[in-house]
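Residue numbers (this note's numbering), protein chains in the order written: chain R, 1 to 130; chain C, 131 to 260; chain B, 261 to 390.
For every residue, glycine included, the Cβ atom is placed at its ideal position computed from N, Cα and C.
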Amino acid sequence: MTGPLLEILNLLGKQAHAIDGGAARQWAETFTHDGVFRSPTYPEPVRGRDALTEFAAAFAANNPRTHHIVTNVCIDREISADECLVKANLLIVRTTSSDAVSVDRVTTTDDRFVRRDGRWLIAERAVTRD
Amino acid sequence: MTGPLLEILNLLGKQAHAIDGGAARQWAETFTHDGVFRSPTYPEPVRGRDALTEFAAAFAANNPRTHHIVTNVCIDREISADECLVKANLLIVRTTSSDAVSVDRVTTTDDRFVRRDGRWLIAERAVTRD
Amino acid sequence: MTGPLLEILNLLGKQAHAIDGGAARQWAETFTHDGVFRSPTYPEPVRGRDALTEFAAAFAANNPRTHHIVTNVCIDREISADECLVKANLLIVRTTSSDAVSVDRVTTTDDRFVRRDGRWLIAERAVTRD
């Protein structure tokens with residue numbers, strides 16, 4: 001039940017550091033080539049690594065001193081040896097110009113992970129907000 | 131030393147999503163049949179899955195837009211191959227009616243986990259608050 | 261790629277509980293004997309377990325009701341079977357005298373972990389703040 005969980009925890013940690021550190025391409029590469037990101041914060045789904053790279057670069061440029069804090073990661077359902085659904089909570093935490101820290105929002109991510117060439121990647125992420 | 135940690139991380143993640151999403155019975159089923167939950171926030175210990183289900187249902191009904199954020203999970207002590215003590219910090223995070231997010235409290239959970247029919251479950255949880 | 265991650269997650273959880281609970285020596289023992297801790301919050305690096313113990317004891321004494329919340333843990337690079345670089349975000353969360361909870365700061369930790377006598381320990385930690 002927890003087979004790929006450790007690798008997925010590692011990937012989600014790297015993913016957070018990538019977007020927060022402006023490594024936009026690296027963030028996009030946590031998705032499959034045709035990966036999709038859906039969030040109510042943004043008008044349209046983002047599809048494919050080029051668009052995902054642009055998305056992450058814009059986020060980093062517009063959100064200095066901001067961190068994606070990934071928590072409550074669990075495998076919601078194993079579909080096959082190469083596909084599973086993963087749920088997590090993602091907090092957006094920001095240090096303001098006066099050095100105060102605020103939690104900007106709490107989201108839930110529902111990821112469909114697939115194994116491609118031996119690596120687990122996100123095929124689809126759906127973000128929901130409270 | 132970390133044998134059951136991955137399964138426990140998965141269970142604690144699922145547990146958080148269960149109570150926050152109103153899946154009260156699913157939350158109760160992360161405990162053993164005679165599992166006990168003790169917290170200074172509540173006057174009496176909660177014992178057994180029926181009472182635990184009621185407890186979780188009441189929490190969800192009374193606390194909309196609230197998340198249990200589980201962090202710092204570690205195995206404090208292995209008692210046997212089928213029993214261990216697990217410590218974690220559990221933050222209660224809430225989105226208010228004005229869409230601000232506040233951390234309501236920081237707690238420490240001390241769980242006694244036991245393996246029953248091959249699955250790790252919580253036999254006793256003691257919550258402490260700062 | 262994720263070989264030592266589970267043991268490292270366990271150690272980082274224990275480390276947080278140790279410093280927050282005033283178990284200063286236990287905190288120091290998550291570092292190697294000659295381990296080094298560097299943080300912009302403090303003027304000089306802290307070197308070796310005696311100095312690390314003093315450091316942790318002073319932190320606990322001066323920061324009641326404070327928690328180190330470790331998140332986004334991932335293996336940034338595996339150097340060898342016995343050495344790896346681990347990145348995480350560490351939030352300092354504090355309950356004030358009026359029982360409000362504030363996130364005091366968000367930091368990033370870059371740890372060089374080494375395996376000594378079969379156990380993974382921190383040889384060097386560099387903390388950066390936003």
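Does the separation of the CB atoms of B/A284 and B/T326 fall below 8 Å?
no
How would you call R/N62, buried or exposed, if buried means at least 16 neighbouring beta carbons within 10 angstroms?
exposed
Can you tell me the Cβ-Cβ gap for B/F373 and B/V346, rounded? I've got them flagged as a contact below 8 Å.
6 Å
Residues of its chain near B/A276, where Cβ-Cβ distance is below 6 Å and the 5 sequence neighbours each way are ignored
H328 and V330
Reduced DSSP category for C/T183 - H, G, I as helix; E, B as strand; rest coil:
helix
Quick one: does B/V333 have its CB under 8 Å from some CB of chain R?
yes
Opening and closing residue of the alpha helix (DSSP H) in which B/A276 lies
L265 to D280
Can you find a CB in chain B that lies within less than 8 Å of the CB of R/C65?
A quick correction: the sequence has Arg, not Cys, at residue 65 of chain R. Chain B, which has a Cβ nearer than 8 Å to the Cβ of R/R65, makes this yes.
Along chain R, which residues have their Cβ under 8 Å away from the Cβ of B/D364?
V101
Proximal residues to B/D280 (C-beta, below 8 Å), its chain only, five neighbours per side dropped:
A320, T326, H327 and H328
List the residues of chain B whose Cβ lies closer than 7 Å to the Cβ of R/T95, in chain order.
V366 and D390
Burial state of R/E124 (16 or more Cβ within 10 Å)
buried
Examine the Cβ distances between the stretch 31-49 of chain R and the stretch 115-123 of chain R and report whether three or more of them are shorter than 8 Å.
yes
Residues in its own chain within less than 6 Å of R/E83 by CB, not counting five upstream and five downstream?
V114
What residues in the stretch 145-162 of chain C have a beta carbon less than 7 Å from any beta carbon of chain R?
A146 and H147
Proximity test, R/A57 beta-carbon vs the ligand ADP heavy atom, cut-off 7 Å:
As far as ligands go, the structure on display features none, and thus does not contain the ligand ADP.
What in chain B is Cβ-close to R/V70, meaning under 8 Å?
T331 and N332
Rounded to whole angstroms, what's the CA-CA distance from C/T132 to B/L265? Just pull it up for me.
10 Å
Taking Cβ positions only, does B/T262 come closer than 8 Å to chain R?
yes
In terms of alpha-carbon separation, which member of R/G13, R/E78 and R/T96 lies closest to B/T368?
R/G13
Do we get a CB-CB distance below 8 Å when we pair C/G143 with the residues of chain R?
yes
For C/V257 versus C/R168, is the C-beta distance shorter than 8 Å?
yes
Within the same chain, show all residues whose beta-carbon is closer than 8 Å to that of C/W157, passing over the 5 residues directly before and after it, in chain order.
Q145, A148, I149, L182, T183 and A186
In chain order, what residues of the same chain have a beta carbon less than 8 Å from the beta carbon of C/V203, not counting five sequence neighbours either side?
L135, I138, L139, L142, V216, K217 and A218
Against chain B, with Cβ distances strictly below 8 Å, would R/N10 count as a contact?
yes
What number of angstroms, rounded off, separates the C-alpha of B/L350 from the C-alpha of R/P43?
32 Å
Tell me the DSSP bridge mates of R/V103?
R/V93
Could you check which residue in C/D247, C/D180, C/D240 and C/G152 has the C-alpha nearest to that of C/D206?
C/D240
Would you grab the beta carbon distance between C/V231 and R/V103 for me? Rounded to a whole angstrom, and I think it's under 8 Å.
4 Å
Output, in chain order, the set of chain B residues within a Cβ distance shorter than 7 Å of C/L136.
L266
Report the three-state DSSP secondary structure of R/R25 (helix, strand or coil).
helix
Terminal residues of the beta strand (DSSP E) in which B/T388 lies
R379 to R389
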